[in-house]
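Down below is the structure, laid out as structure tokens.
Protein chains: 2
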Amino acid sequence: TLTPSELLALAPHQTLGKAARRDAPRVSPGTDQEHMASLALHHCVTAMPVVDEDGRLVGVVGAATLMDILRREHVEDLHRLAGIARESVDADQARQALTAPPLRRARHRLPWLLVGLAGSMVATYIVSRFEATLEARPMLAFFVPGLVYLADAIGTQTEAVAVRGLSLSHQPLGRMLVAELRTGLLMGGVLGLLAFPMVWLVFGELALAAAVALALSGASMVATGLGLLLPWGLTRLGLDPAYGSGPLATIVQDLLSLLIYFGCVTAVVV
Amino acid sequence: TLTPSELLALAPHQTLGKAARRDAPRVSPGTDQEHMASLALHHCVTAMPVVDEDGRLVGVVGAATLMDILRREHVEDLHRLAGIARESVDADQARQALTAPPLRRARHRLPWLLVGLAGSMVATYIVSRFEATLEARPMLAFFVPGLVYLADAIGTQTEAVAVRGLSLSHQPLGRMLVAELRTGLLMGGVLGLLAFPMVWLVFGELALAAAVALALSGASMVATGLGLLLPWGLTRLGLDPAYGSGPLATIVQDLLSLLIYFGCVTAVVV
Numbered sequence: 165t166l167t168p169s170e171l172l173a174l175a176p177h178q179t180l181g182k183a184a185r186r187d188a189p190r191v192s193p194g195t196d197q198e199h200m201a202s203l204a205l206h207h208c209v210t211a212m213p214v215v216d217e218d219g220r221l222v223g224v225v226g227a228a229t230l231m232d233i234l235r236r237e238h239v240e241d242l243h244r245l246a247g248i249a250r251e252s253v254d255a256d257q258a259r260q261a262l263t264a265p266p267l268r269r270a271r272h273r274l275p276w277l278l279v280g281l282a283g284s285m286v287a288t289y290i291v292s293r294f295e296a297t298l299e300a301r302p303m304l305a306f307f308v309p310g311l312v313y314l315a316d317a318i319g320t321q322t323e324a325v326a327v328r329g330l331s332l333s334h335q336p337l338g339r340m341l342v343a344e345l346r347t348g349l350l351m352g353g354v355l356g357l358l359a360f361p362m363v364w365l366v367f368g369e370l371a372l373a374a375a376v377a378l379a380l381s382g383a384s385m386v387a388t389g390l391g392l393l394l395p396w397g398l399t400r401l402g403l404d405p406a407y408g409s410g411p412l413a414t415i416v417q418d419l420l421s422l423l424i425y426f427g428c429v430t431a432v433v434v
Numbered sequence: 165t166l167t168p169s170e171l172l173a174l175a176p177h178q179t180l181g182k183a184a185r186r187d188a189p190r191v192s193p194g195t196d197q198e199h200m201a202s203l204a205l206h207h208c209v210t211a212m213p214v215v216d217e218d219g220r221l222v223g224v225v226g227a228a229t230l231m232d233i234l235r236r237e238h239v240e241d242l243h244r245l246a247g248i249a250r251e252s253v254d255a256d257q258a259r260q261a262l263t264a265p266p267l268r269r270a271r272h273r274l275p276w277l278l279v280g281l282a283g284s285m286v287a288t289y290i291v292s293r294f295e296a297t298l299e300a301r302p303m304l305a306f307f308v309p310g311l312v313y314l315a316d317a318i319g320t321q322t323e324a325v326a327v328r329g330l331s332l333s334h335q336p337l338g339r340m341l342v343a344e345l346r347t348g349l350l351m352g353g354v355l356g357l358l359a360f361p362m363v364w365l366v367f368g369e370l371a372l373a374a375a376v377a378l379a380l381s382g383a384s385m386v387a388t389g390l391g392l393l394l395p396w397g398l399t400r401l402g403l404d405p406a407y408g409s410g411p412l413a414t415i416v417q418d419l420l421s422l423l424i425y426f427g428c429v430t431a432v433v434v
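The listed protein sequences derive, respectively, from chains X and L. Those letters in the first sequence? Residues 165 to 434, by the working numbering. Those letters in the second sequence? Residues 165 to 434, by the working numbering.
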């Protein structure tokens with residue numbers, strides 16, 4: 165792999181065998197295209213030779229193809245994060261997603277929403293199990309949307325980091341998980357410490373404030389764990405980890421947050 | 165802009181002035197780098213000439229730089245979607261986001277979470293305004309997490325489409341907005357029609373089922389509108405539209421969903 169300018173700058177009688185770099189990156193025909201693009205970026209090359217198991221050149225992936233792969237992976241990630249079934253892989257299709265007739269758009273977006281509707285029913289069921297608690301203390305419903313939102317926000321951060329980072333990091337899962345859980349506990353602790361005096365001050369109940377702060381820290385920690393384990397599990401199954409950061413991860417996180425919150429308030433307040 | 169192979173294939177006496185393509189894409193020094201990368205992809209070129217206002221060549225952006233830009237924009241989008249303050253722009257940094265010490269990770273992720281905490285307090289305040297409603301009918305709390313989740317899911321879909329699509333589409337905002345709102349109403353209508361018999365069947369109240377279905381359709385439509393208007397507004401302000409799909413958009417959507425839901429149930433049920 166010599167660049168055209170290197171090629172033109174060669175001494176007249178030099179053979180290519182001497183001039184060619186032997187440490188250049190190469191991929192096999194079975195290499196994932198995203199991994200190949202990452203490798204090209206890492207080595208600052210704009211073309212990637214493909215070699216078979218004997219090291220024979222099978223072909224070369226050029227700069228235009230590499231650029232196209234990078235853009236496709238970008239749009240794919242966004243759509244999987246958002247739970248849109250059909251990927252718009254090129255610029256024309258990305259524009260189309262904003263210009264197609266509403267009926268066609270709805271068709272690409274409804275499948276994940278129906279999964280979400282099923283999840284919503286489970287969420288409704290979970291809250292309904294705490295009807296007696298809510299009847300005794302309607303105030304407990306006040307904190308549900310905020311707590312669920314914050315745990316989701318933390319989980320989404322971990323997922324966004326994991327979706328790109330997992331394919332690049334070579335740390336064992338256990339170590340990454342412990343570090344993420346500590347990050348989650350740290351952030352949840354800060355949020356809990358901030359929420360505690362405010363809830364106490366506004367609602368005048370120490371036990372309620374403690375339960376909300378406790379639930380916030382717990383849900384934050386669970387969110388980081390789930391945000392790492394879901395993309396990791398999908399990678400292991402040979403699926404795109406970006407699915408693990410979409411609407412499915414959100415509803416699973418929501419259900420866990422509800423269980424953690426009602427668990428905490430039932431234990432502490434009621 | 166001739167490719168090296170085109171250059172080598174020229175007839176011996178042909179002048180470059182005749183061979184060079186004059187319709188090749190070009191950018192000015194002030195062009196946004198993401199726009200430039202999109203232009204290169206669209207025209208299938210792997211290098212982009214930069215010309216000043218008189219058409220004089222200022223420089224050329226090569227394939228390696230274009231590839232680097234595409235990857236940076238990808239990671240940036242993911243991080244802005246997730247509300248992570250510092251962008252990890254290259255592969256090493258993307259890996260670092262999974263290997264840095266928890267304290268440093270938390271520092272990059274807390275700023276948006278504190279904005280989220282403020283939003284959560286507003287959510288708590290909104291629900292607390294309906295304390296009397298909840299005291300009379302604790303059952304109304306059951307549907308809050310599911311409804312808020314579904315509206316968010318729909319809003320996130322629109323945002324993911326808008327973040328990429330807005331820079332490529334040349335339709336007037338009004339037309340895009342009407343189409344998105346119709347898409348939202350369509351999807352919300354489907355979800356509402358599915359939820360209506362289930363709520364009626366399980367909870368045995370026609371008015372409650374109607375209120376939930378109505379709130380679901382309304383919140384879905386608002387979610388598509390907000391999901392388009394926020395990225396659009398940010399683009400107009402010269403900011404990255406990806407910010408309009410992050411945690412800020414989610415909490416704004418959550419607050420609107422709560423108001424729509426409690427508005428509907430107060431009007432229909434109580």
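Cβ coordinates follow ideal geometry from the N, Cα and C atoms, glycine included. As the structure is a computational prediction, the values presented were derived from the model and not from experiment.
query	result
Tell me, please, whether the CB atom of L/Cys428 is closer than 7 Å to any CB atom in chain X?	no
Just mark L/Arg273 as buried or exposed, buried being the case when its beta carbon has 16 or more other beta carbons within 10 Å.	buried
When the cut-off is 7 Å and only beta carbons count, does X/Glu198 lie next to chain L?	no
What three-state label does DSSP hand L/Pro395 in the structure shown?	helix
Grab the span of the beta strand (DSSP E) containing L/Gly223 for me, first residue to last.	Leu221 to Val225
Using the Cα positions of X/Val291 and X/Val433, report the straight-line distance between them to the nearest angstrom.	16 Å
Please confirm whether X/Val308 and L/Val215 have their CB atoms less than 7 Å apart.	no
What are the complete alpha helix (DSSP H) segments, minimum 4 residues, inside the segment 324-400 of chain L?	337-367 and 370-400
How long is the line joining the alpha carbons of X/Gly338 and X/Leu423, rounded to whole angstroms?	25 Å
For the 8 Å Cβ check, are there 3 or more pairs between the segment 342-354 of chain X and the segment 377-391 of chain X?	yes
Let's test the definition: count the other Cβ atoms within 10 Å of the Cβ of L/Cys428 and tell me whether it reaches 16, buried, or not, exposed.	buried
Is there at least one Cβ from chain L nearer than 7 Å to X/Ser381's Cβ?	no
Does X/Thr229 have its Cβ less than 7 Å from a Cβ in chain L?	no
For X/Phe112, decide whether its Cβ has a neighbour in chain L, counting only Cβ atoms nearer than 7 Å.	Residue 112 of chain X falls outside the range modelled here, since chain X spans only 165 to 434, and no answer is possible.
Let me check understanding here. Comparing Cα to Cα, which of L/Leu398, L/Ala406, L/Gly329 and L/Ala387 lies closest to L/Asp418?	L/Ala387
Opposite X/Met212 in the DSSP bridges: which residues?	X/Val225
Is there a Cβ of chain X sitting closer than 7 Å to that of L/Pro275, yes or no?	no
What is the C-beta distance between L/Glu344 and L/Gly397, in whole angstroms, given that I count them as a contact (C-beta under 8 Å)?	14 Å between Cβ atoms; not a contact.
Which residues, in chain order, does the segment 209-239 of chain L contribute to contact with chain X at a C-beta distance below 8 Å?	Val209, Thr210, Gly226, Ala227, Ala228, Leu230, Met231, Asp232, Leu234, Arg235, Glu237, His238 and Val239
Classify X/Pro336: buried if its beta carbon has 16 or more other beta carbons within 10 angstroms, exposed otherwise.	exposed
Do three or more CB pairs link the segment 310-328 of chain L to the segment 234-244 of chain X at distances below 8 Å?	yes
Taking all protein chains shown into account, do 16 or more other C-beta atoms lie within 10 angstroms of the C-beta of L/Glu237, making it buried, or fewer, making it exposed?	buried
What did DSSP end up calling L/Val191 once you bin it into helix, strand or coil?	strand
Taking the alpha-carbon of X/Gly329 as reference, which of X/Leu355, X/Val416, X/Ser202 and X/Thr229 has the nearest alpha-carbon?	X/Ser202
Starting from X/Thr414 and walking both ways along the alpha helix (DSSP H), at which residues does that stretch end?	Pro411 to Val432
From what residue to what residue does the alpha helix (DSSP H) around X/Ile290 run?	Pro266 to Ser292
In its own chain, which residues sit with a C-beta less than 7 Å from the C-beta of L/Gly226, not counting the 5 before and 5 after it?	Ala211
Quick check on X/Ala287 - is its C-beta less than 7 Å from some C-beta in chain L?	yes
Using 7 Å as the limit for Cβ to Cβ distance, is L/Glu251 near chain X?	Any reading at L/Glu251 must be qualified, since the residue scores a pLDDT of 48, below 50, and its modelled position is unreliable; no value is offered.
Using a cut-off of 8 Å between C-beta atoms, extract the partners of X/Arg346 located in chain L.	Pro266
Identify the continuous alpha helix (DSSP H) that holds L/His199 and give its terminal residues.	Gln197 to His206
Hey, is X/Leu350's beta-carbon within less than 7 Å of any beta-carbon in chain L?	yes
Less than 6 Å between C-beta atoms, sequence neighbours within five positions excluded: which residues of the same chain meet that for X/Gly356?	Ala377, Leu380 and Ser381
Per DSSP, what kind of secondary structure is L/Thr297 in: helix, strand or coil?	helix
Mind checking X/Pro405: buried by the 16 CB within 10 Å criterion, or exposed?	buried
Nearest to L/Ser192 by CA position, among L/Leu314, L/Leu392 and L/Glu217, is which residue?	L/Glu217
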